[in-house]
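Heads up, the thing below is written out as structure tokens.
There are 2 protein chains.
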Amino acid sequence: MYLSKRGHDVCIVDNMAKRRWEAAVNATPLFTVPTIQDRIRTYKEKVKCDISFRYCDIAENPKLLNEIFDQFLPDAVIHYAEQPSAPYSHISAGAAIETQRNNILGTLALMYSVLHSNPSCHIIKLGTMGEYGTPDIDIEEGYLDITHNGRTARCLYPKKAGSIYHLSKCHDSHNLEFGCRAFNLRVTDLNQGVVYGIDTDETWLDTGLGTSFHYDAIFGTVLNRFLAQAAVGEALTVYGSGTQTRGFLNIRDTLACVEIALLNPAQEGEFRVFNQFTETWSILGLAQLVQSVTTCKIQNIPNPRVEDEDHYYNAKNSALTDLGLDPHLLTVQTIKDMYRSIWKHRKNIHVDRLMPTVKWRG
Amino acid sequence: MYLSKRGHDVCIVDNMAKRRWEAAVNATPLFTVPTIQDRIRTYKEKVKCDISFRYCDIAENPKLLNEIFDQFLPDAVIHYAEQPSAPYSHISAGAAIETQRNNILGTLALMYSVLHSNPSCHIIKLGTMGEYGTPDIDIEEGYLDITHNGRTARCLYPKKAGSIYHLSKCHDSHNLEFGCRAFNLRVTDLNQGVVYGIDTDETWLDTGLGTSFHYDAIFGTVLNRFLAQAAVGEALTVYGSGTQTRGFLNIRDTLACVEIALLNPAQEGEFRVFNQFTETWSILGLAQLVQSVTTCKIQNIPNPRVEDEDHYYNAKNSALTDLGLDPHLLTVQTIKDMYRSIWKHRKNIHVDRLMPTVKWRG
Chain A
254 MYLSKRGHDV CIVDNMAKRR WEAAVNATPL FTVPTIQDRI RTYKEKVKCD ISFRYCDIAE
314 NPKLLNEIFD QFLPDAVIHY AEQPSAPYSH ISAGAAIETQ RNNILGTLAL MYSVLHSNPS
374 CHIIKLGTMG EYGTPDIDIE EGYLDITHNG RTARCLYPKK AGSIYHLSKC HDSHNLEFGC
434 RAFNLRVTDL NQGVVYGIDT DETWLDTGLG TSFHYDAIFG TVLNRFLAQA AVGEALTVYG
494 SGTQTRGFLN IRDTLACVEI ALLNPAQEGE FRVFNQFTET WSILGLAQLV QSVTTCKIQN
554 IPNPRVEDED HYYNAKNSAL TDLGLDPHLL TVQTIKDMYR SIWKHRKNIH VDRLMPTVKW
614 RG
Chain B
254 MYLSKRGHDV CIVDNMAKRR WEAAVNATPL FTVPTIQDRI RTYKEKVKCD ISFRYCDIAE
314 NPKLLNEIFD QFLPDAVIHY AEQPSAPYSH ISAGAAIETQ RNNILGTLAL MYSVLHSNPS
374 CHIIKLGTMG EYGTPDIDIE EGYLDITHNG RTARCLYPKK AGSIYHLSKC HDSHNLEFGC
434 RAFNLRVTDL NQGVVYGIDT DETWLDTGLG TSFHYDAIFG TVLNRFLAQA AVGEALTVYG
494 SGTQTRGFLN IRDTLACVEI ALLNPAQEGE FRVFNQFTET WSILGLAQLV QSVTTCKIQN
554 IPNPRVEDED HYYNAKNSAL TDLGLDPHLL TVQTIKDMYR SIWKHRKNIH VDRLMPTVKW
614 RG
């Protein structure tokens, strides 16, 4: 919707896998999400722009994906088709394998469809800041100049992912970087921080156009989950000490970043990496911010993940602001606006879905 | 056979995929390879030791793999179950996806079967020196201490693989390194150089126990292929300038390295990396060595791969020799012995399978 309203001709390719994964773990978005077809119709009525839709499981049916590329002939493809949850990837061996199957084979299929149809089509891939982990050195944007025994080499930044899901994203990045080297593809990798937020200018057009807002422990990102806990009078569950620090960004900025990448494409053969976050927060700091607005309690619980809690964190993120990103920073007002929407729908919140059930060392 | 003869109790798990891949690309080993069941029977007759065999596609049937682990209860597992050819992975989009599906999902299934059955089972994985690529700095054994902006971190050595196949091995390494961190697994990653050679003490027991020796452009490694070309009076085809330098080792040493890793297992939670090669050669240097024995011609042909030809190469490999590896180095005598065997079977060589048909930029 964001891109279509700005004059881009958009085709959505989806296999509805996210709805299946949600159902499998008994998760439902806070706000009802109509079918994609109904959402497109509603959008069309409001904006008088069309968006097309093709059903395709890209990991299972690469030939159909080739056909879609040949028919639509996109200038760019935005790759959102990944299983996006770290906890989901740790439910079981099956979920781990399914996550890497979907993400890695889907990304490969996408890469080869671009190669088949139009190698100069710009691939914009959603990566994650979680690919880097929390190294004891500054995190650069994708690459690092390494001096060792008196010689220097420019290398892909060494990764240390903290989940099977995050690993799948590393593998996708390496596969696509090779695609740039070997096949002269053009790729932008957006290493996204943790996203929060509910509304955009487009979701305000109609209640049927709302985001798929998750508050549960599997698909809900931390700030969204904290606000849901506050809305039902539960304590905010901070994993471990909460001193873990991460990059964050508002959902509005994710769309702006994608359009910036679209309008400033990578060169042929270039694997370009942007760190896509606007500010860093510790988990405990976020909880305290929410507490300052909602007067909820904070509870430190055993960390279900395997991650460093006390760690250095200094990640660079200047590339997107250099290209014009004007960030929506997290303020008390942001929290109040989000909280108001969530409070209105608090009867939809299932309290039993807020506590983590998936443990890395299960 | 090597391990069984030394008193280890061995169970082979295989799905015969390699025979299928060979058939798909019209490749046949130089020496007839009987069925695995017949090979085991022959071995048993000669040595009076038994080897068990289970048919299982580990990537497709992780549950059966769990059962096999629960029944056999291995102290260690040696992971050879990967699609092993870089050219194969570049035949088509389908072969690329199949390679990563088989290798990554198979390795994940193996990791989770170990976790399910006995997390202290030592995983010995065959990696490849090709994971590192040819960086402008020294190649260490798995890890690198990186100093950046005044701070230092120990990182997994940054990888730059040169094919879809080599990438799959990088992804496996990263998945297993995570398994050590998250699940306390013990893993040894043997980053193997290019293997050459035909015979071992065990293959000499009976002609039905010979190695699956490939000379073709898809599955044949470079020295094996050169000797086949010489045996049929063809020029040795050097890809590009031939100044590409790689680590090499004799097939006998690969088995010795695996047993060294077995007898000196990684610690719990340790992802240990050994660079498993005994010497480095340039491709042209190898061709000249073969030429000195066989008086064949050398022909430089356009490089079908995407790789640097003029590059720095200084890779460390002391860990295995420190543990007692006594290398079989490549000599004129080695070439003469190999050439004699190949010459005897030269009527089996299909000349049309010697030239590269798969091009990375195809």
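For the protein sequence lines, the chains are A and B, in the order given. For any residue, its number in this note's numbering is found by taking its place in the first sequence, counting from 1, and adding 253. For any residue, its number in this note's numbering is found by taking its place in the second sequence, counting from 1, and adding 253. No residue lacks a Cβ here, since even glycine has one placed at the ideal position from N, Cα and C.
Assumed close pair residue i, residue j - CB separation to whole angstroms, cut-off 8 Å
i         : j         : result
Ile363(B) : Tyr333(B) : Contrary to the premise, residue 363(B) reads as Leu rather than Ile in this sequence. Not a contact, Cβ separation roughly 11 Å.
Arg558(B) : Gly403(B) : Going by Cβ atoms, the distance from Arg558(B) to Gly403(B) rounds to 39 Å, so no, they are not a contact pair.
Tyr255(A) : Glu455(A) : 6 Å
Ile357(A) : Thr441(A) : Incorrect: roughly 19 Å between the Cβ atoms, too far for contact.
Val546(A) : Lys597(A) : Contact flag wrong, Cβ pair sits at about 16 Å.
Gly461(A) : Arg272(A) : Actually they are not in contact, since the Cβ atoms of Gly461(A) and Arg272(A) sit about 16 Å apart, beyond 8 Å.
Val526(B) : Gly395(B) : 2 Å
Val367(A) : Arg307(A) : In fact, because the Cβ distance is near 16 Å, the residues do not count as touching under 8 Å.
Residues that residue i contacts on chain B, provided the C-beta gap is smaller than 7 Å
i         : result
Ala406(A) : Pro388, Asp389 and Ile390
Ala349(A) : Leu361 and Tyr365
Asn556(A) : What Asn556(A) touches in chain B: nothing, since even the nearest Cβ is about 12 Å away.
Asn428(A) : Leu420
Collapsed DSSP secondary structure at residue i in the structure displayed
i         : result
His424(A) : helix
Lys597(B) : helix
Phe530(A) : coil
Arg499(B) : strand
Asn577(B) : Looking at the sequence shown, residue 577(B) is not Asn but Gly. If DSSP states are grouped into helix, strand and coil, Gly577(B) belongs with coil.
Ile321(A) : helix
Gln482(A) : helix
His401(A) : strand
Arg259(B) : coil
Phe436(B) : helix
Phe524(B) : strand
Ile350(A) : helix
Asn477(A) : helix
Thr490(B) : strand
Chain-ordered neighbours of residue i on chain B, where CB pairs are closer than 9 Å
i         : result
Arg614(A) : Ala435, Phe436 and Asn437
Asn402(A) : Ile390, Asp391 and Asn567
Ala334(A) : Near Ala334(A) there are no residues of chain B at all, since even the closest Cβ is about 15 Å away, more than 9 Å.
Spatial distance of residue i from residue j (CA atoms)
i         : j         : result
Thr531(B) : Cys423(B) : 21 Å
Gly522(A) : Asp425(B) : 26 Å
Leu576(A) : Leu326(A) : 26 Å
Val499(A) : Ser338(A) : For the sequence presented, residue 499(A) should be read as Arg rather than Val. Going from the Cα of Arg499(A) to the Cα of Ser338(A) covers about 16 Å.
Asn314(A) : Leu361(A) : 12 Å
Ile399(A) : Asn528(B) : 21 Å
Cys302(B) : Ile289(B) : 15 Å
Ala370(B) : Asp323(B) : It should be noted that the sequence gives Ser, not Ala, for residue 370(B). Each residue's Cα considered, the two are about 6 Å apart.
Ile311(A) : Asn428(A) : 16 Å
Met608(A) : Arg439(A) : 41 Å
Ser342(B) : Val491(A) : 45 Å
Leu537(B) : Glu560(B) : 15 Å
Val585(A) : Leu542(A) : 7 Å
Asn444(A) : Leu573(A) : 11 Å
Cutoff 8 Å: residue i Cβ touching any chain B Cβ
i         : result
Lys271(A) : no
Pro372(A) : no
Gln482(A) : no
Leu397(A) : yes
Val559(A) : yes
Pro411(A) : yes
Leu358(A) : yes
Ala514(A) : no
Ala346(A) : yes
Partner residues on chain A for residue i, Cβ-Cβ distance less than 8 Å
i         : result
Asn444(B) : Residues of chain A passing the Cβ test: none, with the nearest at roughly 16 Å.
Ala339(B) : The contacting residues do not exist; Ala339(B) stays about 11 Å from chain A at best.
Any non-hydrogen atom of the ligand MG within 7 Å of residue i CB
i         : result
Leu458(A) : Inclusion of the ligand MG in the displayed structure is not the case, the ligand content being empty and no account of it being possible.
7 Å Cβ cut-off: residues of chain A touching residue i
i         : result
Phe322(B) : None at all; the shortest Cβ gap to chain A is about 12 Å.
Asp431(B) : One detail in the question is off: residue 431(B) reads as Phe in this sequence, not Asp. By Cβ distance, chain A contributes Ala414 and Leu420.
CB contact below 8 Å: residue i versus chain A
i         : result
Cys309(B) : no
Arg354(B) : yes
His424(B) : yes
Per-residue contacts from residue i into chain B (C-beta, under 8 Å)
i         : result
Leu317(A) : Those do not exist, as Leu317(A) stays about 13 Å from chain B at its closest Cβ, beyond 8 Å.
Ala619(A) : Chain A is shown from 254 up to 615; residue 619(A) falls before or after that span and cannot be answered.
Within chain A, partners of residue i - CB distance below 9 Å
i         : result
Pro327(B) : By Cβ distance, chain A contributes nothing, its closest Cβ being about 18 Å from Pro327(B), past 9 Å.
Ala572(B) : Residues of chain A passing the Cβ test: none, with the nearest at roughly 18 Å.
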